[in-house]
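Chemist:
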Amino acid sequence: MNFIDIQTLKALNIKPILEAIKTSSELGRIHRKNFKPYKPGHEEALREDYDRIKIFITAAKEDNSFLMLLQSYLEKLNNITGLIASLAKGRDRLEIDELYEIKYFVFYYERIRALLSKYVIETPSLVKLDYIYKAMDPDESDSPVFYIGKGFSEQFNLLKKRRVEVLGKIESLEKDLLRQARQKIGLNSLETKVVISRSDSKLLEKFNSSSFYLLSAENFANLTYTLRQTNDISLQKKEAEELRQIIDQEQQKISTELTKYIAVRKQKLRQSLDLIGQLDFLAAKAVFSIKNNCITPNIITSSDSKDELYILKDTVNLNVKKNLTAEGIRYQPVDIIIKDKVNVLSGANMSGKSTILDSIGQMMYLTAHAIPLPCSEAHVSLVDFIYCNRQSTEDYAYHQDLSSFAREILSINNALNTNYGKGLFLLDEFAKGTNPSEGTAFFAGILDYFASGCERPKEDIVIAATHFDIAGLVENYAALYRVGGISSTNFKTISSVFNSKADLLARVKELHKYMDYQLYKIDSEELPPQAAILIADILGMNRDIIDKVKDKLPAIKRDKQNNRRKK
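Written as structure tokens, this is what we have:
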């Protein structure tokens, strides 16, 4: 059973929020990808995770450079999982570049451990690797760069110095020989290797008669000559090669001994990788929290209250806020208080019903992943999975021959049959794709199903938004809510500022300005708000069409009332 399926993840627009939580290292990205959401029964572990984030946030508020410095260190940590795995398989010697990787990791790992110690942060408790670093840096260079110096072997250091001297002598002898060759042949541009065209007979004759160059290669067009080596140069090169072989042997010996030392401690290194992944994700969540003015929620269980309880005050839908801000429109935070198993939201078009569903889903997803919430106060309980019925054609590409209603039925039926435990069902205008009479019946029927328990666990929570008139169908068990929307008074205010030339953006901005997006508890006697005509008028719908709609509405209302009396 998945905590959330791809369809719901898309429907709730969670991906952009997750992309804003940026880990700094590959280890952090791996940990984040493999992070398992907290589910009912693991509330205490989740509280501890949130407590860790609080510690980082507190340190960052005391010193605003703390998280920046921490993330700069985390960025430098390479993933040495493969090297540790090779040691676990019995590899007896690492190459110099591989030892370099390990030292580089340990160097910045210890920098991080020292930084956390400075702020008295012990979570996650990083294992010590300073002894590995000291073993790899006997010269006390205090550098992430690995090299074999005199601290490893005085003999090795002397051999390297001697070879450098020999190579320098060879270079000096070759320069002197080349200078003599240039003078003898009469060409100041000569190098140790010269390519001559076969057609240049005069130059060829000079080189063939010279004791300074030997013919080393030829083809149909050119001949290649190489500076002849003197006995002294040959002897020096022989010594240089012998020294290289001895140095290689000594280097392999040192590498083997160092590899054995590290291999014995491979478990500590492996443990450090996991801890860095956790730390990176914690730091990223702390940065996200500070940037978006988030809080850590109070995690409640069913034993805390007789009823399930979701309290989200001043809730911010980060995606909607970002889009509105870009348009110069003020975002209105919303209070969401849910105390019942079955809940129905009504409201006018564009009043924000879908946004409220998205916000609830986003908050529950973030909570399950121990991510701070963009609100001022939160009391939430965990769920085993989240489902939203909203869908796009691409989600059911292999069922393109089906109607939207048919696809919706397949989707929710699959969710009911494959998910177990306590679910959060977010139903956005369920059954709107069929005729209003049957759609209303389907909507009320599925709420009855959840209210009665049936085959589902009684812990399921359903929050459903609808335009259907469900008066008399679900009030005995469902909590009814209405999104404030726009009042007639505000409509008159908006209408007074428009003329026929007002553009769409101006109309939308004015609509947002006077729209009330708050959620209000209502009783069964309050009819669902009907503001479609108001909204259409504000958005500039053709006035003749508006008038004809108004003419039709009374007759439609009378028919509905008559049908109710007959029932």
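Using the working numbering, you'd call the opening residue of the sequence shown number 388 and step up by one each time.
C-beta atoms are modelled at their ideal positions from N, C-alpha and C, and glycine is treated no differently.
A quick note: this is a predicted structure, and the numbers were derived from the prediction, not measured.
What is the DSSP secondary structure of residue 425, reduced to helix, strand or coil?
Modeler: It is coil, neither helix nor strand.
Chemist: Less than 9 Å between the beta carbons of residue 868 and residue 909, yes or no?
Modeler: In this structure, residue 909 lies closer than 9 Å to residue 868 by Cβ.
Chemist: Taking the beta carbon of residue 712 as the centre, do at least 16 other beta carbons fall within 10 Å, making it buried, or is it exposed?
Modeler: When all chains shown are included, residue 712 counts as exposed.
Chemist: Using 8 Å as the Cβ pair cut-off and three pairs as the minimum, do the stretch 696-704 and the stretch 819-834 touch?
Modeler: The answer is no - the stretch 819-834 does not touch the stretch 696-704, with fewer than three Cβ pairs under 8 Å.
Chemist: Tell me the DSSP secondary structure of residue 544 in three-state form.
Modeler: In this structure, residue 544 counts as helix in the three-state DSSP scheme.
Chemist: What does DSSP give as the partner residues of residue 701 in its beta bridges?
Modeler: Residue 701 pairs with nothing; no bridge assigned.
Chemist: Need the endpoints of the alpha helix (DSSP H) that residue 493 sits in, please.
Modeler: Per DSSP, residue 493 belongs to the alpha helix (DSSP H) from 483-505.
Chemist: Which residues does DSSP pair with residue 908 in a beta bridge?
Modeler: DSSP, once it has assigned bridges, lists 868 as partnering residue 908.
Chemist: State the DSSP-derived secondary structure class of residue 815, mapped to helix, strand or coil.
Modeler: In this structure, residue 815 counts as strand in the three-state DSSP scheme.
Chemist: Look up residue 821 in the DSSP assignment and say whether it is helix, strand or coil.
Modeler: Correct three-state label for residue 821: coil.
Chemist: Going by DSSP, what residues sit across from residue 602 in a beta bridge?
Modeler: Paired residues: 612.
Chemist: Give the secondary structure of residue 435 by DSSP, where H, G and I count as helix, E and B as strand, and everything else as coil.
Modeler: If DSSP states are grouped into helix, strand and coil, residue 435 belongs with the helices.
Chemist: By the DSSP assignment, the beta strand (DSSP E) with residue 852 in it spans what residues?
Modeler: Looking at the DSSP string, the run of the beta strand (DSSP E) that includes residue 852 is 848-852.
Chemist: Buried or exposed, going by whether 16 or more other CB atoms sit within 10 Å of the CB of residue 551?
Modeler: Answer is exposed; the Cβ neighbour count stays below 16.
Chemist: Please identify the residue among 748, 430, 772, 767 whose C-alpha is closest to the C-alpha of residue 815.
Modeler: When only C-alpha atoms are compared, the closest one is 748.
Chemist: Kindly identify the DSSP beta-bridge partner or partners of residue 732.
Modeler: In the DSSP output, where bridge partners are listed per residue, residue 732 has 852, 868.
Chemist: Just the Cα atoms here: how many angstroms apart are residue 904 and residue 447?
Modeler: Cα to Cα, residue 904 sits roughly 34 Å from residue 447.
Chemist: Please report the Cβ distance between residue 652 and residue 519, rounded to the nearest whole angstrom; I am assuming they are in contact, meaning their Cβ atoms lie under 8 Å.
Modeler: That pair is a contact at about 6 Å.
Chemist: Closer than 6 Å by C-beta to residue 740: which residues in its own chain qualify, once you throw out the five before and the five after it? Chain order, please.
Modeler: 732, 734, 852, 870, listed in sequence order.
Chemist: Does the Cβ-Cβ distance between residue 850 and residue 758 come in under 9 Å?
Modeler: No; because the gap between Cβ atoms is not below 9 Å, this pair is not in contact.
Chemist: I'd like to check one pair, residue 771 with residue 806: are the Cβ atoms closer than 9 Å?
Modeler: It is a contact, given that the beta carbons lie within the stated cut-off.
Chemist: By how many angstroms is the C-alpha of residue 764 removed from the C-alpha of residue 775?
Modeler: Roughly 24 Å between the two C-alpha positions.
Chemist: What are the complete alpha helix (DSSP H) segments, minimum 4 residues, inside the stretch 563-602?
Modeler: Fully enclosed alpha helix (DSSP H) runs of 4 or longer: 588-595.
Chemist: What is the C-beta distance between residue 467 and residue 489, in whole angstroms, given that I count them as a contact (C-beta under 8 Å)?
Modeler: Indeed they touch by this definition, with Cβ atoms about 6 Å apart.
Chemist: To which residues does DSSP link residue 768 through a beta bridge?
Modeler: In the DSSP output, where bridge partners are listed per residue, residue 768 has 687.
Chemist: Does residue 559 pass the burial test, meaning 16 or more other C-beta atoms within 10 Å, or should it be called exposed?
Modeler: Per the 10 Å Cβ criterion, exposed.
Chemist: Using a Cβ-Cβ cutoff of less than 6 Å, which residues in the same chain neighbour residue 398 once the five nearest sequence positions on both sides are dropped?
Modeler: Excluding sequence neighbours, residue 398 sits near 775, 777.
Chemist: Going by DSSP, what residue range makes up the beta strand (DSSP E) through residue 721?
Modeler: It spans 721-725 - the beta strand (DSSP E) in which residue 721 sits, taken as one unbroken run.
Chemist: Could you check where the alpha helix (DSSP H) with residue 654 kicks off and where it finishes?
Modeler: Note, residue 654: alpha helix (DSSP H), 653-678.
Chemist: Along the chain, where does the alpha helix (DSSP H) that runs through residue 455 open and close?
Modeler: Taken as a continuous stretch (DSSP letters only), the alpha helix (DSSP H) holding residue 455 covers 453-462.
Chemist: Using DSSP with H/G/I as helix, E/B as strand and the rest coil, what is residue 810?
Modeler: Residue 810 falls in the strand class under three-state DSSP.
Chemist: Between the stretch 409-426 and the stretch 660-670, do three or more beta carbon pairs fall short of 8 Å?
Modeler: A contact exists between the stretch 409-426 and the stretch 660-670.
Chemist: Where does residue 417 fall in DSSP's three states?
Modeler: Note: residue 417 maps to helix in three-state DSSP.
Chemist: Helix, strand or coil for residue 774 per DSSP?
Modeler: Here residue 774 sits in strand by DSSP.
Chemist: Considering only residues of the same chain and omitting the five flanking positions on each side of residue 434, which have a CB-CB separation below 7 Å?
Modeler: Cβ neighbours of residue 434 beyond the five flanking positions: 686.
Chemist: CB residue 797 to CB residue 847, shorter than 9 Å?
Modeler: Cβ distance not < 9 Å, so residue 797 and residue 847 don't count as in contact.
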